[in-house]
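Numbering-wise (UniProt numbering), the sequence shown opens with residue 1 and increments by one. Even glycine gets a Cβ: it sits at the ideal position worked out from N, Cα and C. Quantities reported herein were computed from a predicted structural model and do not represent experimental measurements.
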Amino acid sequence: MPGTTDDAYAEAVRLVLGELPDLPHVPELPARGVWAAMTGRGLAVLDGLAADLQPAGWRLTDVSGVDHRRARSLLAQDLDTVEELAQDHGGAFKTQVVGPWTLAATVEKPRGDKVLSDHGARRELAQALAEGVRLHLADLQRRVRGVDRWIVQVDEPALAAVVHGQVPTASGYGRHRSVDLPEASAHLEWVVAAITEAGGEAWVHSCAPRTPWSLVAGTGVHGLSADLDLLGPGDLDTFAEVLEAGRTAALGVVPPTDPATDPSDAGVTERVQRWLDMLGLDPEAVGEALVVSPTCGLAGATPQWAARAVRLTATVARNL
Numbered sequence: 001m002p003g004t005t006d007d008a009y010a011e012a013v014r015l016v017l018g019e020l021p022d023l024p025h026v027p028e029l030p031a032r033g034v035w036a037a038m039t040g041r042g043l044a045v046l047d048g049l050a051a052d053l054q055p056a057g058w059r060l061t062d063v064s065g066v067d068h069r070r071a072r073s074l075l076a077q078d079l080d081t082v083e084e085l086a087q088d089h090g091g092a093f094k095t096q097v098v099g100p101w102t103l104a105a106t107v108e109k110p111r112g113d114k115v116l117s118d119h120g121a122r123r124e125l126a127q128a129l130a131e132g133v134r135l136h137l138a139d140l141q142r143r144v145r146g147v148d149r150w151i152v153q154v155d156e157p158a159l160a161a162v163v164h165g166q167v168p169t170a171s172g173y174g175r176h177r178s179v180d181l182p183e184a185s186a187h188l189e190w191v192v193a194a195i196t197e198a199g200g201e202a203w204v205h206s207c208a209p210r211t212p213w214s215l216v217a218g219t220g221v222h223g224l225s226a227d228l229d230l231l232g233p234g235d236l237d238t239f240a241e242v243l244e245a246g247r248t249a250a251l252g253v254v255p256p257t258d259p260a261t262d263p264s265d266a267g268v269t270e271r272v273q274r275w276l277d278m279l280g281l282d283p284e285a286v287g288e289a290l291v292v293s294p295t296c297g298l299a300g301a302t303p304q305w306a307a308r309a310v311r312l313t314a315t316v317a318r319n320l
């Protein structure tokens, strides 16, 4: 969500609680700084590993630096706000965390270059993330006790680049070697298993093209979340199988930034219906297994469009 202040964070929590009663979430406001952005927030969740902010970006260290401590403090502060405002909430609630491969592609080793470049380092990072997510979910469960269905969305925008060998090296002149699919799957499986064992439901989200959705679907994850425009023919089969199995498919169909023309709820609803018709699926048959959402995060939107987008997705869901 857009916003740079504590008041904006509280307003974002009120918005999702008020407009998305069936699936509110813990908002993220990355415009507040690197401590609140995707990588910083992911590092704040890690268990057993320290980090610090260097001129080139986040780097693993022996001892947590001031910026790592600030990221953890800001996360705790945000959860205090969620706890205060969501006390009467029941039903489902979603939180999100950066995935192991996106974290490995954006964080450096202690002596430089991405964690992605070192087999042992990326394994250690994924395991620390899995344990950290387990503790993070337990913390949320203590804070908001009325929730009976916790969903943890694992954000993996860099997964496609990782498996296709498209992540730049430190020099910028080369690319890191692609990660073998069994290893790519295994690291995701650790995080998914940690979420499941902690009593949560794991979804994986990516709004990047060429995301290997069949691989993701095989990790034990309950839900897949993607930009509908970026799904290829093979991906459509994977999403259809997920829906038919009673798992969740979240389709990104609402623009993440202010569009030139305001889309109507009828037009967006018809688009989703056409997609379901193409797959031979009935909206009533898929029921709550189908979710509609913005195509990606709303952090780049104006506050007015962010609020409009949230309300539009809720209206489209009711229409379906």
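Could you give the distance in angstroms between the alpha-carbon of A314 and the alpha-carbon of D118? 43 Å
Please list the segments of the alpha helix (DSSP H) lying wholly inside the stretch 244 to 281, counting only runs of 4 or more residues, in order along the chain. 265 to 279
For L60, report the span of its beta strand (DSSP E) as first-last. 57 to 61
Nearest-angstrom Cα distance between P233 and D62? 46 Å
Identify, in the order they occur along the chain, each residue of the same chain with its Cβ nearer than 6 Å to the Cβ of V147, setting aside the five sequence neighbours on each side. F93
With a cut-off of 8 Å, do at least 3 Cβ pairs link the stretch 297 to 314 to the stretch 255 to 270? yes
Might you give, ordered along the chain, the residues of its own chain that have their beta carbon closer than 8 Å to the beta carbon of T95, omitting 5 neighbours on each side? H25, V26, H136, L137, L140, W150, I151, V152, Q153
Rounded to the nearest angstrom, how far is the Cβ of V204 from that of G99, given a contact under 8 Å? 7 Å
Assign P7 to buried or exposed, taking buried as 16 or more other Cβ atoms, counted over all protein chains shown, within 10 Å of its Cβ. Reading the sequence as shown, one finds Asp at residue 7 and not Pro. Flag for D7 reads exposed.
According to DSSP, what are the bridge partners of L53? W58
For the stretch 122 to 134 against the stretch 72 to 80, are there 3 or more C-beta pairs whose distance is under 8 Å? no
Ordered along the chain, which non-local residues of its own chain (more than five positions away) have a Cβ less than 7 Å from that of A128? L46, D47, G48, L49
Helix, strand or coil, according to DSSP, for P35 in the structure here? According to the sequence shown, residue 35 is Trp rather than Pro. In the structure shown, W35 sits in coil (DSSP, three-state: anything other than H, G, I, E or B).
Taking a contact to mean a Cβ-Cβ separation below 8 Å, would you say L116 touches G42 in this structure? no
Using three-state DSSP, classify H176 as helix, strand or coil. coil
State the beta-bridge partners of D227 as determined by DSSP. G252
Roughly how many whole angstroms lie between the Cα atoms of L159 and Q87? 35 Å
Just tell me which of G287, T211, T39, W101 has its CA closest to the CA of A71. T39
Looking only at C-alpha atoms, which of E183, V167, P182, A184 sits nearest to H176? V167
6 Å Cβ shell around V192 - same chain, five flanking residues per side excluded: A202, T219, G220, V221
Which residues mark the beginning and the end of the alpha helix (DSSP H) in which S73 is found? 66 to 85
For V268, I'd like the list of residues in its chain whose CB is within less than 8 Å of its CB, leaving aside the five on either flank, ordered along the chain. V253, V254, V292, L312, V316
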